[in-house]
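Number of protein chains: 2
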Amino acid sequence: MRMESTPADASVSGPRAPVASASRDATVGITGVVSLLRPVRAGNAFEETVERLLQAIKLGVVPHGEKLPPERELATRLGISRVTLREAIRALQEAGYLDVRRGRYGGAFVVYRPPSPRKGDLRRAVTRMGEDDLEDALTFRMAVECGAARVLATADLTPRQRETLAARLSGVNDAAPDDYRRMDIAFHLAIAELSGSPLLAAACADARLRVTDLLNAIPVLRPNIEHAAVQHAAIAAAIVDGDPEAAERAVAEHLEGTAALLRGFLA
Amino acid sequence: MRMESTPADASVSGPRAPVASASRDATVGITGVVSLLRPVRAGNAFEETVERLLQAIKLGVVPHGEKLPPERELATRLGISRVTLREAIRALQEAGYLDVRRGRYGGAFVVYRPPSPRKGDLRRAVTRMGEDDLEDALTFRMAVECGAARVLATADLTPRQRETLAARLSGVNDAAPDDYRRMDIAFHLAIAELSGSPLLAAACADARLRVTDLLNAIPVLRPNIEHAAVQHAAIAAAIVDGDPEAAERAVAEHLEGTAALLRGFLA
DNA sequence: CCTCAATGGTCTGATTCCAGACTTTTGGAC
DNA sequence: GTCCAAAAGTCTGGAATCAGACCATTGAGG
Chain F
1 MRMESTPADA SVSGPRAPVA SASRDATVGI TGVVSLLRPV RAGNAFEETV ERLLQAIKLG
61 VVPHGEKLPP ERELATRLGI SRVTLREAIR ALQEAGYLDV RRGRYGGAFV VYRPPSPRKG
121 DLRRAVTRMG EDDLEDALTF RMAVECGAAR VLATADLTPR QRETLAARLS GVNDAAPDDY
181 RRMDIAFHLA IAELSGSPLL AAACADARLR VTDLLNAIPV LRPNIEHAAV QHAAIAAAIV
241 DGDPEAAERA VAEHLEGTAA LLRGFLA
Chain D
1001 MRMESTPADA SVSGPRAPVA SASRDATVGI TGVVSLLRPV RAGNAFEETV ERLLQAIKLG
1061 VVPHGEKLPP ERELATRLGI SRVTLREAIR ALQEAGYLDV RRGRYGGAFV VYRPPSPRKG
1121 DLRRAVTRMG EDDLEDALTF RMAVECGAAR VLATADLTPR QRETLAARLS GVNDAAPDDY
1181 RRMDIAFHLA IAELSGSPLL AAACADARLR VTDLLNAIPV LRPNIEHAAV QHAAIAAAIV
1241 DGDPEAAERA VAEHLEGTAA LLRGFLA
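These protein sequence lines map, in sequence, to chains F and D. Residue numbering for the first sequence follows this note's numbering, starting at 1 and increasing by one per position. Residue numbering for the second sequence follows this note's numbering, starting at 1001 and increasing by one per position.
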């Protein structure tokens, strides 16, 4: 177990052994299609749980100062035993992401603020995940978020849905600088969630996750924020107007911008 | 373990106990966003493996008469132990999906042909999965397949890619009736796979899977095939032309048609 | 100060899942 | 007919995971 000064860079490990990654080569059957024979599970329960909780923390689902649900409830939700959950929590505690307090009104408190990026962070993040995986993640995100926007723009929105969308939009626009990323995430995910499809929402969350570390590694600059604000507004407008094509185009442009920004910092 | 006359209807069960589903209610944190605290795993290793193999069989990834990879290799690929894999294989064997032969040139041979739908199959399939999940699946599929088409249409295609796409297209068009669904799947998944993003390909495969049972429960009718052929051609053309909006629109129309067909049969 | 409820901390026996070594069956090649 | 290689079938000890009972700590309220 390592314990570095910057939690964001600390890799979280624990009592379990690493899991061998499967080979990916031949295609089976006439179809030549899809590797359905990919690993059934991404890792052991402990690893997957750590990953999940880390995601919830980094995405700001549980922001700094808040606490995770009580162990018993969380274990039930995650579909794992309390023992396994506790191992994961301990790993995150030792890595500096959580502060665990006992007694009534105790709990696992999140102590994580997105670190201000330092030179070399991005390069390091990319190296960690691999160039191919980066392209994969960006492509995946483009597809699912465009799709989600299209779906939402196609649907008849209830007043409630419009409100939520508008609220999220102003949430990003009014965000304090160090809360910007979190509100940006909330806006993007709201589009998927409002579609009413849990599967789609999960896919978009997953896609976003795969680029959070990268985005956290580049500074949040004023001109970029302003540019993004215009694009966000365009996305929301197209959705509210019920124009699928425009919604999609707007999302595509926005994400293309982000991707370009990333590539720019990498070059 | 039950063993019914029609394998497609047989529910596959095994030695493990069912897993309790988690409650889904409160949203955590300010964001109010996404249930990242959903179950870490869908079931135990045995169940998930059965599911996977069944998917590979029903999607035609391993067609009738072919055999699965050898146990040792398959176990490695799926990231599980041979013991667990064997349990899953045995369950599928007892349910009538596999014929296992030992000795050299032996293996687990697929003995499954999509059954011709009988009245009530669709209703039953929907009841099994739930109305909400049906909507979820259709929405999800719409989003990811539209997104995939857009991505592919945006990319510069190599001659090789064009060939593959064309081949898959004629594959559907020339398909024998009882091979139609399989070739249709191959065409749809090819779009995702050609995007070069494994994540996207997996998402599209997953989406398709969630509706296979339903589609298998409705008859393949001549006029529908012809209609679909026109739409498939439009999709391929838009992609080759590099027109993302048209590609997406074409996919959306096509899937909307399928969804309408399903709803029609349900009414 | 005492009590209580909510929460984390600990322990135990049972079940699932694993890695790896070994056995048996089968059909082709010589 | 004999041998061999590739495959399924079997066994074992150990690690991971679970469910559930029980303990310890804490702060609020009386």
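We put the CB at the ideal spot given by N, CA and C, even for glycine.
request  = Let me know the secondary structure DSSP gives P1101/D once reduced to three states.
outcome  = Looking at the sequence provided, one finds Arg at residue 1101/D rather than Pro. R1101/D: strand per DSSP, three-state reduction.
query = Closer than 8 Å, CB to CB, is I1080/D near chain F or not?
reply = Cβ-Cβ to chain F under 8 Å: yes for I1080/D.
query = With 16 as the cutoff for other CB atoms within 10 Å, does D174/F come out buried or exposed?
reply = Classification of D174/F: exposed, given that the 10 Å Cβ count is below 16.
query = According to DSSP, is N1220/D helix, strand or coil?
reply = Per the sequence presented here, residue 1220/D reads as Val, with Asn not at that position. The answer is coil: DSSP assigns V1220/D none of H, G, I, E or B.
ask   = Got a sec: is the Cβ-Cβ distance from A250/F to anything in chain D below 8 Å?
value = Not one beta carbon of chain D lies nearer than 8 Å to the beta carbon of A250/F.
Sufficient close CB pairs (3 or more, under 8 Å) joining the stretch 101-110 of chain F to the stretch 61-69 of chain F = As far as the Cβ criterion goes, the stretch 101-110 of chain F touches the stretch 61-69 of chain F, which means the pair count is three or higher.
inquiry  = Taking a contact to mean a Cβ-Cβ separation below 8 Å, would you say L1036/D touches Q55/F in this structure?
reply    = Contact: yes.
query = Buried or exposed: L268/F, going by 16 or more other Cβ atoms within 10 Å of its Cβ?
reply = Any property of residue 268/F remains undetermined from this structure, which presents chain F solely from 1 to 267.
inquiry  = For R1124/D and A228/F, I'd like the C-alpha separation in whole angstroms.
reply    = Taking C-alpha positions only, R1124/D is separated from A228/F by approximately 47 Å.
key: Segment contact, 8 Å Cβ cut-off, at least three pairs: the stretch 1147-1167 of chain D with the stretch 1092-1107 of chain D   = The stretch 1147-1167 of chain D is not in contact with the stretch 1092-1107 of chain D.
ask   = Just by C-beta distance, which residues in the stretch 1046-1071 of chain D are closer than 9 Å to chain F?
value = Listed in sequence order: E1048, T1049, E1051, R1052, L1053, Q1055, A1056, L1059, G1060, V1061, V1062, P1063, E1066, L1068 and P1069.
task = Please name the residue in D206/F, M142/F, G171/F and P159/F whose C-alpha comes closest to that of P1244/D.
result = Nearest of D206/F, M142/F, G171/F and P159/F to P1244/D, Cα basis: M142/F.
task = Would you verify that the beta carbon of A153/F is, or is not, closer than 8 Å to some beta carbon of chain D?
result = Residue-level contact check: A153/F does not touch chain D, since none of the beta carbons of chain D fall below 8 Å from its beta carbon.
inquiry  = Quick check: the Cα distance between D1241/D and P1117/D, rounded to an integer number of angstroms?
reply    = Each residue's alpha carbon lies about 38 Å from the other.
ask   = Taking just the CA atoms, how far does A176/F sit from L266/F?
value = Put simply, the backbone Cα of L266/F is about 26 Å away from that of A176/F.
request  = Measuring alpha carbon to alpha carbon, tell me which of L138/F, A205/F and L74/F ends up nearest A252/F.
outcome  = It is L138/F.
query = L1134/D versus chain F: which residues are under 9 Å apart at the beta carbon?
reply = Here the premise fails: no neighbours, minimum Cβ distance about 11 Å.
query = Does any C-beta atom of chain F lie closer than 8 Å to the C-beta of R1086/D?
reply = Chain F, which has no Cβ nearer than 8 Å to the Cβ of R1086/D, makes this no.
request  = Closer than 8 Å by beta-carbon distance: list the chain F residues that pair up with F1140/D, in chain order.
outcome  = In chain order: S197, L199, L200 and A203.
Proximal residues to A1075/D (C-beta, below 8 Å), its chain only, five neighbours per side dropped = Cβ within range, chain order: S1081, R1082, T1084 and L1085.
key: CB contact below 8 Å: A1148/D versus chain F   = For A1148/D, the nearest beta carbon of chain F is closer than 8 Å to its own beta carbon.
ask   = So who's on the other strand from F46/F, going by DSSP bridges?
value = In the DSSP output, where bridge partners are listed per residue, F46/F has none listed.
inquiry  = If you follow the alpha helix (DSSP H) that G1196/D is in, where does it begin and where does it stop?
reply    = No alpha helix (DSSP H) contains G1196/D, which DSSP labels as neither H nor E.
ask   = Once you ignore the five residues that flank T49/F on each side, which residues in its own chain have a CB closer than 7 Å to its CB?
value = Taken in chain order, the residues that qualify are L78, I80, T84, L85 and A88.
request  = Find the nearest neighbour of R1181/D within the set R1052/D, V1061/D and A1236/D, judged by alpha-carbon distance.
outcome  = Nearest of R1052/D, V1061/D and A1236/D to R1181/D, Cα basis: V1061/D.
request  = Give a yes or no on whether 8 Å exceeds the smallest Cβ distance from V240/F to chain D.
outcome  = Judged by the 8 Å Cβ criterion, V240/F is not in contact with chain D.
query = How would you call L1221/D, buried or exposed, if buried means at least 16 neighbouring beta carbons within 10 angstroms?
reply = In this structure L1221/D is exposed. Its beta-carbon is surrounded by fewer than 16 other beta-carbon atoms within 10 angstroms.
task = Answer yes or no: do L189/F and R208/F have a C-beta to C-beta separation smaller than 8 Å?
result = Closer than 8 Å, so yes.
query = Alpha carbon to alpha carbon, what distance is there between P114/F and M183/F?
reply = CA-CA distance, M183/F to P114/F, rounds to 13 Å.
query = In whole angstroms, what is the alpha-carbon distance linking E47/F and V1172/D?
reply = Using only the alpha carbons, I get a separation of about 42 Å.
query = So which residues of chain F does E1245/D contact, with C-beta pairs closer than 9 Å?
reply = Below the 9 Å Cβ cutoff, chain F contributes E245, E248 and R249 as neighbours of E1245/D, in chain order.
ask   = How many Å lie between R1128/D and T258/F at the Cα?
value = Spanning the two alpha carbons is a distance of roughly 42 Å.
inquiry  = For a test of the three-state rule: what should DSSP assign to D1025/D, helix, strand or coil?
reply    = Because the pLDDT at D1025/D is just 29, under 50, the model does not fix this residue reliably, and the value given afterwards should be weighed accordingly. Correct three-state label for D1025/D: coil.
query = Taking just the CA atoms, how far does I191/F sit from H254/F?
reply = Roughly 14 Å separates the two Cα atoms.
task = State the beta-bridge partners of V110/F as determined by DSSP.
result = DSSP output for V110/F lists L98/F as bridge partner(s).
ask   = Nearest-angstrom Cα distance between T1154/D and T212/F?
value = Inter-residue distance for T1154/D and T212/F is about 24 Å (C-alpha atoms, whole angstroms).
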